[in-house]
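Before any comments, here is the structure.
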Amino acid sequence: QAQLVESGGGLVQAGGSLRLSCAASASTIRFNVMGWFRQAPGNQRELVATVSRSGTTTYADSVQGRFSISRDDAKSTLYLQMNSLKPEDTAVYYCHANYMSLDYWGQGTQVTVSS
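Using our numbering, read the sequence shown as starting at 12 and increasing by one per residue.
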């Protein structure tokens, strides 16, 4: 069992930056792939970015070049650096990991980008 706790969300103007963190209660080395998802009101939850244990990353087209995902397994923490934020990035952001066919989710952190 592991708990994931996100932090770092908030209100920012368009063009600004935020850094999200996801702290795990257990070592993240067990998670081959970790990721960030987001869900805006009225929309389905969508994948934003993933990072593997080896450091391979993937990004949604909508955030490519603006967001950067990373992980520090020594600190059991996942990060999402978000730059050049746009109003359409407004959503609740969730941390996710999968281990032994079990999905782990954080409680989410709100990101609001004003125009």
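No residue lacks a Cβ here, since even glycine has one placed at the ideal position from N, Cα and C.
Environment of residue i [buried if 16+ CB atoms lie within 10 Å]
i	result
Asp-83	exposed
Asp-114	exposed
Ser-73	exposed
Those residues which DSSP pairs with residue i across a bridge
i	result
Ile-80	Leu-91
Thr-39	Paired residues: none, contrary to the question.
Ser-112	In the DSSP output, where bridge partners are listed per residue, Ser-112 has none listed.
Beta-carbon spacing of residue i, residue j below 8 Å
i	j	result
Arg-49	Tyr-104	yes
Gly-27	Leu-96	yes
Thr-61	Gly-46	yes
Gln-92	Gly-20	no
Arg-64	Ile-40	yes
Ala-71	Leu-58	yes
Leu-126	Ala-25	Looking at the sequence itself, residue 126 is Ser, so the reference to Leu does not match. Going by C-beta atoms, Ser-126 is nearer than 8 Å to Ala-25.
Collapsed DSSP secondary structure at residue i in the structure displayed
i	result
Asp-210	Beyond the ends of the chain as shown, which are 12 and 126, falls residue 210; an answer cannot be given.
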